[in-house]
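Taken in order, the sequence shown gives residues 51 to 173; the numbers are from our numbering.
Okay, structure first, notes after.
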Amino acid sequence: MAINTEKLGYILQNFVSTTSDVQGAAIVTPDGLPLASNLPGGMDEERVSAMSAAMLSLGERIGQELARGAIDRLYVEGNEGISILTSCGQDAVFLVLAGKAAKQGVLMLEIKRAVSDLKHTLF
Numbered sequence: 051m052a053i054n055t056e057k058l059g060y061i062l063q064n065f066v067s068t069t070s071d072v073q074g075a076a077i078v079t080p081d082g083l084p085l086a087s088n089l090p091g092g093m094d095e096e097r098v099s100a101m102s103a104a105m106l107s108l109g110e111r112i113g114q115e116l117a118r119g120a121i122d123r124l125y126v127e128g129n130e131g132i133s134i135l136t137s138c139g140q141d142a143v144f145l146v147l148a149g150k151a152a153k154q155g156v157l158m159l160e161i162k163r164a165v166s167d168l169k170h171t172l173f
């Protein structure tokens with residue numbers, strides 16, 4: 051079954067444009083291949099995808115080593131904002147880039163909704 055990348059792109063575009071303080075989003079495979087993205091200008095889709103896969107792999111290892119179980123979500127918080135990686139089934143990962151003013155509770159709710167839409171499109 052082929053993945054509808056056009057629909058994935060539409061979901062990402064809608065998510066970025068309607069969710070407050072979200073600057074970009076991407077859906078990538080666990081091995082670092084981009085499926086669809088809506089990233090800020092100047093960001094390389096392939097590089098972002100590869101870094102997301104590396105972050106996921108390291109997070110999973112940390113979860114195992116620290117006996118935290120399966121990883122559902124990873125956060126990286128910096129001076130300019132946050133990056134959140136959320137599992138989207140076994141075959142995809144949802145990356146969200148948000149500004150530092152983002153309200154994390156609202157953002158998590160919107161991510162949950164987007165993941166549901168993405169999963170329906172992927173499977």
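Virtual Cβ for every residue (Gly too), placed ideally from N, Cα, C.
{"Item": "Beta-carbon spacing of S137, V126 below 8 Å", "Value": "no"}
{"Item": "Exposure label - V156; buried when at least 16 CB within 10 Å", "Value": "exposed"}
{"Item": "Residue from G119, I112, V146 with nearest C-alpha to A86", "Value": "V146"}
{"Item": "Segment limits, alpha helix (DSSP H) that includes S67", "Value": "55-68"}
{"Item": "Nearest residue (CA-CA) to P90, options G119, K150, Q73", "Value": "Q73"}
{"Item": "Within the segment 63-151, ranges of the beta strand (DSSP E) (whole runs, at least 3 residues)", "Value": "72-78, 84-88, 123-128, 131-137, 143-149"}
{"Item": "Inter-residue Cα distance where the pair is L62 and G139", "Value": "17 Å"}
{"Item": "Coarse secondary structure for K169, derived from DSSP in three states", "Value": "helix"}
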